[in-house]
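Trainee:
Number of protein chains: 4
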Amino acid sequence: MSGINKVILVGHLGKDPEVRHLDGGVTVASFPLATSETYNKDGKRIEQTEWHNIVLWRGLAEVASKYLQKGKLVYIEGKLRTRSFEDREKVKKYVTEVVAENFTILGRKSDFEPPVSSEGTTPKSENEYTNLTDPAGDLPF
Amino acid sequence: MSGINKVILVGHLGKDPEVRHLDGGVTVASFPLATSETYNKDGKRIEQTEWHNIVLWRGLAEVASKYLQKGKLVYIEGKLRTRSFEDREKVKKYVTEVVAENFTILGRKSDFEPPVSSEGTTPKSENEYTNLTDPAGDLPF
Amino acid sequence: MSGINKVILVGHLGKDPEVRHLDGGVTVASFPLATSETYNKDGKRIEQTEWHNIVLWRGLAEVASKYLQKGKLVYIEGKLRTRSFEDREKVKKYVTEVVAENFTILGRKSDFEPPVSSEGTTPKSENEYTNLTDPAGDLPF
Amino acid sequence: MSGINKVILVGHLGKDPEVRHLDGGVTVASFPLATSETYNKDGKRIEQTEWHNIVLWRGLAEVASKYLQKGKLVYIEGKLRTRSFEDREKVKKYVTEVVAENFTILGRKSDFEPPVSSEGTTPKSENEYTNLTDPAGDLPF
DNA sequence: TTTT
DNA sequence: TTTT
Numbered sequence: 001m002s003g004i005n006k007v008i009l010v011g012h013l014g015k016d017p018e019v020r021h022l023d024g025g026v027t028v029a030s031f032p033l034a035t036s037e038t039y040n041k042d043g044k045r046i047e048q049t050e051w052h053n054i055v056l057w058r059g060l061a062e063v064a065s066k067y068l069q070k071g072k073l074v075y076i077e078g079k080l081r082t083r084s085f086e087d088r089e090k091v092k093k094y095v096t097e098v099v100a101e102n103f104t105i106l107g108r109k110s111d112f113e114p115p116v117s118s119e120g121t122t123p124k125s126e127n128e129y130t131n132l133t134d135p136a137g138d139l140p141f
Numbered sequence: 001m002s003g004i005n006k007v008i009l010v011g012h013l014g015k016d017p018e019v020r021h022l023d024g025g026v027t028v029a030s031f032p033l034a035t036s037e038t039y040n041k042d043g044k045r046i047e048q049t050e051w052h053n054i055v056l057w058r059g060l061a062e063v064a065s066k067y068l069q070k071g072k073l074v075y076i077e078g079k080l081r082t083r084s085f086e087d088r089e090k091v092k093k094y095v096t097e098v099v100a101e102n103f104t105i106l107g108r109k110s111d112f113e114p115p116v117s118s119e120g121t122t123p124k125s126e127n128e129y130t131n132l133t134d135p136a137g138d139l140p141f
Numbered sequence: 001m002s003g004i005n006k007v008i009l010v011g012h013l014g015k016d017p018e019v020r021h022l023d024g025g026v027t028v029a030s031f032p033l034a035t036s037e038t039y040n041k042d043g044k045r046i047e048q049t050e051w052h053n054i055v056l057w058r059g060l061a062e063v064a065s066k067y068l069q070k071g072k073l074v075y076i077e078g079k080l081r082t083r084s085f086e087d088r089e090k091v092k093k094y095v096t097e098v099v100a101e102n103f104t105i106l107g108r109k110s111d112f113e114p115p116v117s118s119e120g121t122t123p124k125s126e127n128e129y130t131n132l133t134d135p136a137g138d139l140p141f
Numbered sequence: 001m002s003g004i005n006k007v008i009l010v011g012h013l014g015k016d017p018e019v020r021h022l023d024g025g026v027t028v029a030s031f032p033l034a035t036s037e038t039y040n041k042d043g044k045r046i047e048q049t050e051w052h053n054i055v056l057w058r059g060l061a062e063v064a065s066k067y068l069q070k071g072k073l074v075y076i077e078g079k080l081r082t083r084s085f086e087d088r089e090k091v092k093k094y095v096t097e098v099v100a101e102n103f104t105i106l107g108r109k110s111d112f113e114p115p116v117s118s119e120g121t122t123p124k125s126e127n128e129y130t131n132l133t134d135p136a137g138d139l140p141f
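Sequences listed follow chains S, C, H and F, in order.
FYI, full-length UniProt numbering numbers position 106 of the first sequence as 106, with every residue one higher than the one before it.
FYI, full-length UniProt numbering numbers position 116 of the second sequence as 116, with every residue one higher than the one before it.
FYI, full-length UniProt numbering numbers position 12 of the third sequence as 12, with every residue one higher than the one before it.
FYI, full-length UniProt numbering numbers position 31 of the fourth sequence as 31, with every residue one higher than the one before it.
#1: For residue 67 (chain H), which beta-bridge partners are listed by DSSP?
#2: With DSSP collapsed to three states, give me the class of residue 62 (chain C).
#3: To the nearest whole angstrom, what separates the beta carbons of residue 51 (chain S) and residue 96 (chain F), a pair I think is in contact under 8 Å?
#4: Compare the C-beta of residue 4 (chain F) against all C-beta atoms of chain C and say whether one is closer than 9 Å.
#5: When the cut-off is 9 Å and only beta carbons count, does residue 104 (chain C) lie next to chain F?
#6: What residues match up with residue 97 (chain S) in a beta bridge as DSSP calls it?
#7: Relative to the C-alpha of residue 92 (chain C), which residue among C:98, C:84, C:99 is closest?
#8: Please list the partners that residue 37 (chain C) has in chain H, where partner means a Cβ-to-Cβ separation under 8 Å.
#9: Exposed or buried, residue 76 (chain S), counting other C-beta atoms within 10 Å across all chains shown (16 or more means buried)?
#10: Closer than 9 Å, Cβ to Cβ, to anything on chain C: give me those residues from the segment 67–85 of chain S, in chain order.
#11: Quick one: Cα of residue 26 (chain S) to Cα of residue 59 (chain F), how far?
#12: Tell me the DSSP bridge mates of residue 11 (chain S)?
#13: Hey, how far is the Cα of residue 128 (chain F) from the Cα of residue 68 (chain S)?
#14: Of all the options H:89, H:53, H:90, which has the alpha carbon lying nearest to the alpha carbon of residue 15 (chain H)?
#15: Distance, Cα to Cα, residue 117 (chain C) vs residue 70 (chain C)?
#16: Per DSSP, residue 92 (chain H) is paired with what?
#17: What number of angstroms, rounded off, separates the C-alpha of residue 63 (chain S) from the C-alpha of residue 57 (chain S)?
#18: Would you please verify whether the beta carbon of residue 54 (chain S) is less than 9 Å from any beta carbon of chain C?
#19: Taking DSSP as the reference, what is the three-state secondary structure of residue 36 (chain C)?
#20: If you draw a straight line from the C-alpha of residue 4 (chain C) to the C-alpha of residue 104 (chain F), how long is it?
#21: What are the boundary residues of the beta strand (DSSP E) that includes residue 22 (chain C)?
#22: Using only the alpha-carbon positions, how far apart do residue 18 (chain H) and residue 23 (chain S) sit?
#23: Consult DSSP for residue 2 (chain F) and reduce its assignment to one of helix, strand or coil.
#24: Given that residue 51 (chain F) touches chain S, what residues does it touch there, using C-beta distances under 8 Å?
#25: Using only the alpha-carbon positions, how far apart do residue 55 (chain C) and residue 34 (chain S) sit?
#26: Residue 37 (chain H): buried (16+ other C-beta within 10 angstroms of its C-beta) or exposed?
#27: Return the residue from the list S:79, S:90, S:88, S:86 that minimises the CA-CA distance to residue 100 (chain S).
#28: Can you tell me the Cα-Cα spacing of residue 94 (chain C) and residue 74 (chain H), whole angstroms?
#29: How would you label residue 21 (chain F), buried or exposed, when you count the other beta carbons within 10 angstroms and need 16 or more for buried?
#30: Is it buried or exposed, residue 46 (chain H), if we count other Cβ atoms within 10 angstroms and call 16 or more buried?
#31: Kindly indicate which residue of C:87, C:12, C:72, C:61 has the alpha-carbon position closest to the one of residue 29 (chain C).
#32: Just tell me which of H:2, H:11, H:6, H:7 has its CA closest to the CA of residue 107 (chain H).
#33: Quick check on residue 41 (chain F): buried or exposed, where buried means 16 or more other Cβ atoms within 10 Å of its Cβ?
#34: Residues in the same chain with beta-carbon distance under 6 Å from residue 39 (chain S), minus the five sequence neighbours each way, listed in chain order, please.
#35: Below 9 Å on C-beta distance, what does residue 8 (chain H) contact in chain F?
This is the structure:
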């Protein structure tokens with residue numbers, strides 16, 4: 001016993017969430033998240049990007065599939081989990097994922113709406129941010 | 001002995017940073033930061049805002065005074081410190097502050113530049129974010 | 001909108017939790033928590049202690065009242081909340097608290113049992129730690 | 001750009017740190033860390049352990065090699081990094097590590113001393129905890 | 001594979 | 001491979 005296993009990320013989705021429905025009816029969503037760090041080396045600005053495998057379960061997966069899309073900036077809180085699997089050649093491999101326990105969209109108001117087909121959105125003012133939290137891991141509205 | 005004292009905030013500056021230079025030449029900056037939470041009560045969307053007193057020292061204060069302004073969205077990492085002071089009526093009072101150890105601007109590219117007097121900025125595209133990190137607590141460029 | 005408000009503490013309880021039952025039957029517990037930091041100044045080891053007001057609600061308050069006592073080492077995750085109140089002289093005052101959302105006892109096995117009146121506890125081996133988590137904010141067993 | 005990549009762990013070392021000195025004189029240390037979670041399933045207490053690869057650089061590696069040993073309870077703060085390497089069969093593999101930026105021993109006073117060969121240690125009192133922090137990533141004393 |  |  002004795003443990004804290006916590007991950008806090010702010011980054012952009014590299015792809016739309018991929019949603020699967022397991023046999024028991026459980027929903028799982030996953031997507032890659034990029035967190036980038038900028039630092040200075042010999043006067044040049046270097047950007048280093050780290051990619052994370054994000055996994056969400058149940059209600060949180062449902063919310064993610066509805067409100068998160070490729071490119072969005074998101075705060076994610078979760079825990080690390082390394083699991084093994086067999087690839088196509090039956091070789092045992094390991095992958096480390098971040099199992100999300102909570103997420104919040106960081107961005108402008110338009111980022112909080114599910115994408116629509118309609119054109120002609122209202123112009124946005126400079127400082128128009130908003131967010132969406134799902135502390136309970138379930139639908140927030 | 002034995003202690004972790006860590007605060008993680010993402011919110012908007014309520015005012016421009018207020019910068020002071022202490023006798024020994026040390027720079028201190030401070031500003032209020034709002035973190036808002038939205039939840040559902042009886043079908044209505046309630047927004048609850050919490051205000052935090054942010055304090056930054058030395059190099060981090062210099063960076064803050066240059067790159068942070070009222071309204072900007074920022075990630076702040078720091079620690080809690082409660083200090084006492086005497087108000088004008090000589091009454092002892094307590095205030096809890098977040099002493100920043102690190103911050104990152106979260107927002108669009110324009111948010112990374114110090115404010116300029118020139119008018120006529122270039123139009124921004126929808127999904128234009130960027131950030132600025134100062135892990136070492138000193139000027140990052 | 002847009003906010004993350006997160007506090008992570010590891011420290012010792014300064015007192016036993018104080019438990020109150022509100023009118024609606026809701027349980028609230030609170031206790032002071034010390035987080036200490038040791039640093040070096042001119043070759044001398046300086047210890048600086050920060051005190052935090054911890055507040056717990058409902059099921060988490062019940063668990064805390066049962067398993068936490070003065071002196072125990074605990075990991076606490078929560079959020080900052082500043083509230084105002086009137087003191088006995090009707091002066092408006094402010095206090096900043098950490099509203100716990102989760103806690104974990106860090107310590108040896110004996111620290112996980114509610115205190116008993118019986119004497120003569122079993123001797124402990126050198127490296128005997130264990131912990132107790134309450135992720136859901138409710139009774140964990 | 002735009003990124004926060006933060007990991008917070010509390011767990012026990014599965015092995016003593018393994019220290020290497022790279023060509024340029026840089027020190028790297030690494031060890032496995034176990035974080036365990038206990039939960040209830042059908043009235044049975046289930047313990048699930050997650051293993052993390054911890055990597056420390058430079059001064060932090062030196063401190064770790066001196067003060068951390070197998071079995072000790074430690075708080076670690078760092079960031080995720082996934083790197084690829086070729087195994088003996090020239091197969092490309094990936095491993096995700098936690099690059100530590102800070103650590104603190106959590107435990108009793110005896111846990112803060114480097115291990116000694118002498119026998120006959122002084123008995124410890126019940127509530128004797130202490131800690132050791134290395135915020136700057138360098139030797140703290 | 002994101003973002004700037 | 002830790003810890004209880």
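Each residue gets a CB set at the ideal place from its N, CA and C atoms; glycine is no exception.
Mentor: In short, the structure shows the following:
#1: Within the third sequence, numbered from 1, the residue matching residue 67 (chain H) stands at position 67. Bridge partners of residue 67 (chain H): none, in fact.
#2: On the second sequence, position 62 is the one that residue 62 (chain C) refers to. Correct three-state label for residue 62 (chain C): helix.
#3: Translated into the one-based positions of the first sequence, residue 51 (chain S) becomes position 51. Translated into the one-based positions of the fourth sequence, residue 96 (chain F) becomes position 96. Contact doesn't hold; Cβ gap of about 10 Å is too wide.
#4: In the fourth sequence, residue 4 (chain F) corresponds to position 4, counting from 1. Yes - at least one Cβ of chain C is within 9 Å of the one on residue 4 (chain F).
#5: Translated into positions along the second sequence, residue 104 (chain C) becomes position 104. So, interface residue.
#6: Position 97 of the first sequence, counting from 1, holds the residue named residue 97 (chain S). DSSP lists S:81 as partners of residue 97 (chain S).
#7: Start at 1 with the first residue of the second sequence, and residue 92 (chain C) comes out as number 92. Checking every option, the nearest Cα to that of residue 92 (chain C) belongs to C:84.
#8: Within the second sequence, the letter at position 37 stands for residue 37 (chain C). Within chain H, the residues near residue 37 (chain C) are 3, 5.
#9: Residue numbering aside, residue 76 (chain S) sits at position 76 when the first sequence is read from its first letter. Buried, by the Cβ-count rule.
#10: 71, 72, 73, 75
#11: As a working note, residue 26 (chain S) is residue 26 in the first sequence. As a working note, residue 59 (chain F) is residue 59 in the fourth sequence. So the two alpha carbons sit approximately 46 Å from each other.
#12: Along the first sequence, read from residue 1 onward, the residue named residue 11 (chain S) stands at position 11. DSSP, once it has assigned bridges, lists S:74 as partnering residue 11 (chain S).
#13: One-based indexing of the fourth sequence puts residue 128 (chain F) at position 128. One-based indexing of the first sequence puts residue 68 (chain S) at position 68. In this prediction, residue 128 (chain F) has a pLDDT of 33, which is less than 50 and means its spatial position is unreliable; nothing more can be read from the coordinates.
#14: Here residue 15 (chain H) refers to the residue found at position 15 of the third sequence. The shortest Cα separation from residue 15 (chain H) among H:89, H:53, H:90 belongs to H:53.
#15: Start at 1 with the first residue of the second sequence, and residue 117 (chain C) comes out as number 117. Start at 1 with the first residue of the second sequence, and residue 70 (chain C) comes out as number 70. Legend: pLDDT at residue 117 (chain C) = 48, less than 50; position of this residue unreliable, value from coordinates given subsequently. Roughly 16 Å between the two C-alpha positions.
#16: Within the third sequence, the letter at position 92 stands for residue 92 (chain H). Paired residue(s): H:86.
#17: Residue numbering aside, residue 63 (chain S) sits at position 63 when the first sequence is read from its first letter. Residue numbering aside, residue 57 (chain S) sits at position 57 when the first sequence is read from its first letter. Taking the straight line joining both Cα atoms gives about 10 Å.
#18: Taking the first residue of the first sequence as position 1, residue 54 (chain S) is located at position 54. Judged by the 9 Å Cβ criterion, residue 54 (chain S) is not in contact with chain C.
#19: Position 36 of the second sequence, counted from the start, is the residue given in the question as residue 36 (chain C). Three-state DSSP puts residue 36 (chain C) in a strand.
#20: Taking the first residue of the second sequence as 1, we reach residue 4 (chain C) at position 4. Taking the first residue of the fourth sequence as 1, we reach residue 104 (chain F) at position 104. Whole-angstrom Cα-Cα distance: 8 Å.
#21: Your numbering for residue 22 (chain C) matches position 22 in the second sequence. Careful: residue 22 (chain C) lies outside any beta strand (DSSP E) and carries neither H nor E.
#22: As a position in the third sequence, residue 18 (chain H) is number 18, starting the count at 1. As a position in the first sequence, residue 23 (chain S) is number 23, starting the count at 1. Spanning the two alpha carbons is a distance of roughly 47 Å.
#23: Counting from 1 along the fourth sequence, the entry for residue 2 (chain F) is found at position 2. Coil.
#24: Taking the first residue of the fourth sequence as position 1, residue 51 (chain F) is located at position 51. The answer, in chain order, is 82.
#25: Looking up residue 55 (chain C) in the second sequence gives position 55. Looking up residue 34 (chain S) in the first sequence gives position 34. Going from the Cα of residue 55 (chain C) to the Cα of residue 34 (chain S) covers about 30 Å.
#26: By 1-based counting over the third sequence, the position of residue 37 (chain H) is 37. So residue 37 (chain H) counts as buried.
#27: For this step, residue 100 (chain S) is matched to residue 100 along the first sequence. Among S:79, S:90, S:88, S:86, the Cα nearest to that of residue 100 (chain S) belongs to S:79.
#28: Indexing the second sequence from 1 puts residue 94 (chain C) at position 94. Indexing the third sequence from 1 puts residue 74 (chain H) at position 74. Spanning the two alpha carbons is a distance of roughly 25 Å.
#29: Taking the fourth sequence and counting its residues from 1, the one referred to as residue 21 (chain F) is at position 21. Its Cβ having fewer than 16 others within 10 Å, residue 21 (chain F) is exposed.
#30: For the purposes of this step, residue 46 (chain H) is taken as the residue at position 46 of the third sequence. Counting Cβ neighbours within 10 Å, residue 46 (chain H) comes out exposed, since fewer than 16 surround it.
#31: Along the second sequence, one-based indexing puts residue 29 (chain C) at 29. That would be C:61, whose Cα lies nearest to the Cα of residue 29 (chain C).
#32: Here residue 107 (chain H) refers to the residue found at position 107 of the third sequence. For residue 107 (chain H), the nearest C-alpha among the options comes from H:11.
#33: Reading the fourth sequence from its first residue, position 41 is the one you call residue 41 (chain F). Exposed, since its Cβ has fewer than 16 Cβ neighbours within 10 Å.
#34: Counted from its first residue, the first sequence places residue 39 (chain S) at position 39. These residues qualify, in order along the chain: 46.
#35: Residue numbering aside, residue 8 (chain H) sits at position 8 when the third sequence is read from its first letter. By Cβ distance, chain F contributes 8.
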